[in-house]
């Protein structure tokens, strides 16, 4: 049998995967020089050079780029940010600008330029994952634009409170694989709760923020928490939750890593400290309590019994400060 010697490269830059990694950290002028080395280097360094167009810095230079240059390179553009003037939209009208993944627009009265925006959205519809449209003053129609053009995006985080009907419609009909969702407390109702449940297989982060006028919507929380079993981050600072109802369902969130929540009757700093200390002691000793909750348990102990069941939990906020837990022996 003849052994064929392995021809290892004499230079790490002979490996395309290394060139791609290096390209991320080079200045644009250096990427431009590397692109001239050979065809393979061109292919690896061009995407890094054209990856991001930041109109707060690049507007003048990008507007002077010729159509011939865009023919060659526009397909590499995957992120455009700080679009704040109509000239920025005009400069992206080339047909090869069709692979944008992230688009951040802050354009007052953007509905005046809807035709140009629509053309841009249509060309990039198959690639857009993160679409952030802001207006000044805030315009509820911006979320309508997101619903129409960005079904692939993985997060939903409105920049201002919108009507509950629109938020529900977005959750039910507009996103296919939602991973992260931020809602305002006044928009959390039965309809939005069921909208969140639709995404239970993909949702890993849920934040509900803002002040509650009343706690009537709290009754829908157990449903969302119980069914969203893949949650890793849960922030419910707006609510004061019932430990028995919500806490019992929290134990279904096996992968929960960070929890920010308040429980009824657990508001004194010393009680919260005592609860966290119990969880830490149980984890460090490995003696996880096996007896069921007792009628005479204090609120601190009752809460600790809920938290100890969350094996992946490492960060907790219960109304006062952030606590960091030691790893659970059940995960080691």
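Residue numbers (the UniProt record's numbering): 1 to 332. Ideal Cβ positions, reconstructed from N, Cα and C, are used throughout, including at glycine. On a predicted model such as this, the values are computed, not experimentally measured, just so you know.
On a Cα-Cα basis, can you pick out the residue from the options that is closest to residue i?
i, options, result
"residue 249", "60, 52, 229, 238", "229"
"residue 69", "46, 273, 264, 81", "46"
"residue 245", "204, 176, 223, 118", "223"
"residue 40", "20, 54, 29, 57", "20"
"residue 49", "24, 242, 255, 96", "24"
"residue 82", "74, 58, 93", "58"
"residue 184", "178, 177, 165", "165"
"residue 119", "94, 106, 107", "94"
"residue 252", "242, 232, 265", "232"
"residue 312", "254, 55, 285, 302", "254"
"residue 297", "266, 182, 91", "266"
"residue 178", "187, 87, 195", "195"
"residue 32", "203, 73, 278, 92", "73"
"residue 302", "44, 188, 274", "274"
"residue 117", "89, 125, 307, 320", "89"
"residue 333", "210, 279, 37", "Any question about residue 333 goes unanswered here, given that the chain covers just 1 to 332."
"residue 79", "51, 60, 56, 96", "51"
"residue 54", "283, 201, 221, 85", "85"
"residue 106", "71, 87, 124", "87"
"residue 258", "310, 200, 202", "310"
"residue 308", "282, 300, 320", "282"
"residue 201", "300, 98, 190, 176", "176"
"residue 299", "284, 247, 256", "247"
"residue 190", "203, 182, 219", "219"
Can you say whether residue i is buried or exposed, counting buried as having 16 or more other CB atoms within 10 angstroms of its CB?
i, result
"residue 62", "buried"
"residue 335", "Outside the displayed span of the chain (1 to 332) sits residue 335, for which this structure offers no information."
"residue 326", "exposed"
"residue 318", "buried"
"residue 217", "buried"
"residue 27", "exposed"
"residue 122", "exposed"
"residue 271", "buried"
"residue 295", "exposed"
"residue 268", "exposed"
"residue 322", "exposed"
"residue 67", "exposed"
"residue 279", "buried"
"residue 64", "exposed"
"residue 286", "exposed"
"residue 168", "buried"
"residue 137", "Note on residue 137: pLDDT 47, under 50, position unreliable in the model; the coordinate value appears next. With fewer than 16 Cβ atoms within 10 Å of its Cβ, residue 137 is classed as exposed."
"residue 192", "buried"
"residue 37", "exposed"
"residue 305", "buried"
"residue 328", "buried"
"residue 56", "exposed"
"residue 44", "buried"
"residue 126", "exposed"
"residue 205", "buried"
"residue 91", "buried"
"residue 35", "buried"
"residue 324", "exposed"
Roughly how far, in whole angstroms, is the beta-carbon of residue i from the beta-carbon of residue j, given that I think they are within contact range, below 8 Å?
i, j, result
"residue 171", "residue 198", "7 Å"
"residue 276", "residue 316", "7 Å"
"residue 208", "residue 238", "5 Å"
"residue 243", "residue 260", "At roughly 15 Å, the Cβ-Cβ gap does not stay under 8 Å, so residue 243 and residue 260 are not in contact."
"residue 234", "residue 203", "In fact, because the Cβ distance is near 10 Å, the residues do not count as touching under 8 Å."
Name, in chain order, the residues that DSSP records as bridge partners for residue i.
i, result
"residue 79", "52, 102"
"residue 209", "184"
"residue 317", "260, 322"
"residue 130", "102"
"residue 241", "263"
"residue 194", "According to DSSP, residue 194 bridges with nothing at all."
"residue 170", "DSSP output for residue 170 lists no bridge partner at all."
"residue 235", "207, 260"
Between residue i and chain D, is there a C-beta pair that is closer than 8 Å?
i, result
"residue 265", "Within the model displayed, chain D is absent; a lone protein chain is all it includes."
Checklist entry - Is there contact here, the stretch 84-104 with the stretch 116-132, by at least three beta-carbon pairs under 8 Å? => result A contact exists between the stretch 84-104 and the stretch 116-132.
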